[in-house]
Amino acid sequence: MSQVAGRLLVASLLLAACATDGTPVAGSVPGTARGPHSRVQVRLETEEGPLRTFVPPRAMPVKVTPEQFDSAMARLVAGLELPSPSRHRLALTACGQSGQEEAGTALTRGYQFWCERRGTPGDCLSLLGNMPSLGAEARRTLALTIALGSVWEGSVDVWASMVDPVALQSMVMSAMAGYLAMLAFPNPVTQAAAVSFGCLMVAWLGVDTVWSLLQGWRQLELETQQARTFAEVREAGERFGRVMGAQVGRLLVMLATAALGSTTNLLMKGPRLPGHAQASLMARTQLSLELAAVGQVRQVLVGQGSITLTLAPGALAMASQGTDGGGQAPSKYHPPTIESWRKPRFTEDGKILPYKGTRDPPKPITNLGRNRAGQTITDGKNNVRFDKDGFAEFDTKFETILDDIHIGSGRSEQHMRAANRRLFDAIKSEPGLAKELGLSKTSIEQLLTLERAPRGYIWHHHQDVCRMQLVQEEAHILSRPHTGGMAIWGGGH
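And the structure:
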């Protein structure tokens, strides 16, 4: 087979591996049969116990809209310290001119012409350094930048006034290319930032999508290594961009930007990223880990049809809350941890303070369940407990945390529609959840259009910010009157 024919064959296989929105298609992994479970095995190992192997369910990438992406990027870049635009641009121009004078290669000239057409002449991505021409690492970073061009350019105007967008793009793309290269190489990855980035990729994208993405990256590395012209590098990047899709591209850029600075930055910023609640559930079903335990992963190895995580000795207990090694995902959907900022605050006389910015004026709210604090009420069929602060506690098989955009909106129907979408995605990932909830096929299909909970249920606005619980309607009626999250953080009364 000729080299060109070989490239076309691999490219066609990769294009079949992922949908244009970054969603894995049945058959994307060698040997995959259609069904509810992946064919990529996940292996957990520690120094304390034997290897655990399981097959996670298929999962769709977390959905992050362009608007959510723009908002998240604006928050992330606001805290970054980058060189000023003038100093950065001058340094790049000087470096670019030096490379052009010394090298004069077609590829380097093509790269610098591309930079000039973007309005940033010189070495606009800081790829040349002191080298006369683009090396293999620089070429793959350039191809990645081209692959993500539409994602980046569609958002840059939102936050360009906060930082130098050229400097930020150079940093993000170089870091992301480095992480992907380490994860795609068939050796264990121990670099902390790359390990955390890889685990969070799985949490936001799912095992199958990450596995296919890394296969595509290996092909991009091969093509850019062999490239002798800028056009060949550009074609490799554009091909990878089509395989990846805009949805996956947004997630990768968001995670790579959050990772700038240190691993701690990435893990601390994670809870404020859009889709974090769904990613927490994905971490449990895809990796058998609580998302909070990602920092305890010591190394990652992506092999042929498998992903192996080596955990720190103390992480086994956190992992044990996931699957039991038998290949089935956990059936209970509850946020593994609730950040302290989501918890309600009280006045000295026991009233509840509305979450900041959700009420004007921010008048304290009477806690309607305070007189039942610590009690359990019953109607003979249903029981509802009230915690020490007087908030109703329900037995629920599903709950989720909405994105921050819903804070203070005053639109309960939008909250319920968003919660229904989360429930729909969860059922698609774990079909057994529908049986646990007693939902018919029709009820599941209606989740995408309804602005209320499925029949027999109510979406309860929990007092924790953005937390929604699917509660039996009879139990919710029994708990009334009570004060819930719609009044505390939802912008209602």
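Numbering (mature numbering (1 follows the signal peptide of the UniProt record, and there is no 0)) for the sequence shown: -16 to -1, 1 to 477. C-beta: ideal position from N, C-alpha, C; glycine also. All figures in this text were calculated on a predicted structure; none of them were measured in a lab.
On the CB-based measure, 16 or more other CB atoms within 10 Å of its CB, does residue i come out buried or exposed?
i: Asp363; result: exposed
i: Asn351; result: buried
i: Trp325; result: exposed
i: Thr331; result: exposed
i: Gln96; result: buried
i: Ala432; result: What sits at residue 432 in the sequence shown is Leu, not Ala. Flag for Leu432 reads exposed.
i: Ser180; result: buried
i: Asp308; result: A caution first: Asp308 carries a pLDDT of 37, below 50, which makes its placement in the model too unreliable to give a value.
i: Asn114; result: exposed
i: Ala211; result: buried
Please list the terminal residues of the continuous beta strand (DSSP E) segment that includes residue i.
i: Glu383; result: Glu383 to Ile385
i: Ser290; result: Ser290 to Leu295
Determine the direct distance from the alpha carbon of residue j to that of residue i, and round the result to whole angstroms.
i: Leu417; j: Ala410; result: 8 Å
i: Met228; j: Ala58; result: 23 Å
i: Ala17; j: Val24; result: Because the pLDDT of Ala17 is 38, which lies under 50, any placement of that residue in the model is unreliable, and the question is left without a value.
i: Gly334; j: Asp379; result: 25 Å
i: Pro465; j: Gly353; result: 7 Å
i: His460; j: Asn367; result: 10 Å
i: Met146; j: Ala357; result: 48 Å
i: Pro314; j: Glu414; result: A caution first: Pro314 carries a pLDDT of 40, below 50, which makes its placement in the model unreliable, though a value can still be read off. Taking the straight line from one Cα to the other gives about 9 Å.
i: Thr360; j: Met155; result: 55 Å
i: Asp371; j: Val278; result: 31 Å
i: Ile391; j: Ala403; result: 14 Å
i: Ala43; j: Lys412; result: 8 Å
i: Gly162; j: Gln175; result: 11 Å
i: Gly476; j: Arg395; result: 8 Å
i: Asn171; j: Leu285; result: 6 Å
i: Glu420; j: Leu118; result: 57 Å
i: Val48; j: Pro345; result: 32 Å
Verify whether the separation of the beta carbon atoms of residue i and residue j is less than 9 Å.
i: Trp195; j: Ala165; result: no
i: Glu457; j: Ile472; result: no
i: Ala220; j: Leu204; result: yes
i: Val186; j: Leu128; result: no
i: Thr384; j: Arg343; result: no
i: Phe382; j: Gln453; result: yes
i: Ala243; j: Ala177; result: yes
i: His399; j: Gly287; result: no
i: Ile130; j: Glu222; result: yes
i: Pro338; j: Ile349; result: yes
i: Thr125; j: Met157; result: yes
Helix, strand or coil for residue i, going by three-state DSSP, please let me know.
i: Met452; result: strand
i: Arg27; result: strand
i: Ser154; result: helix
i: Tyr441; result: strand
i: Gln209; result: helix
i: Arg282; result: strand
i: Val227; result: helix
i: Leu275; result: helix
i: residue 506; result: No information on residue 506 is available, as it lies outside the stretch -16 to 477 that the chain covers here.
i: Gln84; result: With a pLDDT of 37 at Gln84, under the threshold of 50, the modelled position of that residue is not reliable, and no figure is offered here.
i: Phe375; result: coil
i: Pro14; result: Low confidence applies to Pro14: its pLDDT is 34, below 50, so where it sits in the model is not reliable, and the reading given next is rough at best. Pro14: coil per DSSP, three-state reduction.
i: Phe38; result: strand
i: Phe330; result: strand
Between which two residues does the alpha helix (DSSP H) containing residue i stretch?
i: Tyr95; result: Ala90 to Arg101
i: Leu112; result: No alpha helix (DSSP H) holds Leu112; DSSP gives it neither H nor E.
i: Ser424; result: It is not in any alpha helix (DSSP H) - Ser424 carries neither H nor E in the DSSP assignment.
i: Phe181; result: Ala176 to Leu189
i: Asn367; result: Asn367 -> not in any alpha helix (DSSP H); beta strand (DSSP E) instead, spanning Asn367 to Phe370.
Determine, for residue i, whether the minimum Cβ-Cβ distance to residues of chain D falls below 9 Å.
i: His466; result: Any reference to chain D falls outside this structure, which holds one protein chain only.
Does at least one heavy atom of the ligand FAD sit under 8 Å from the Cβ of residue i?
i: Gln280; result: Absent from the structure shown: the ligand FAD. Ligands present: none.
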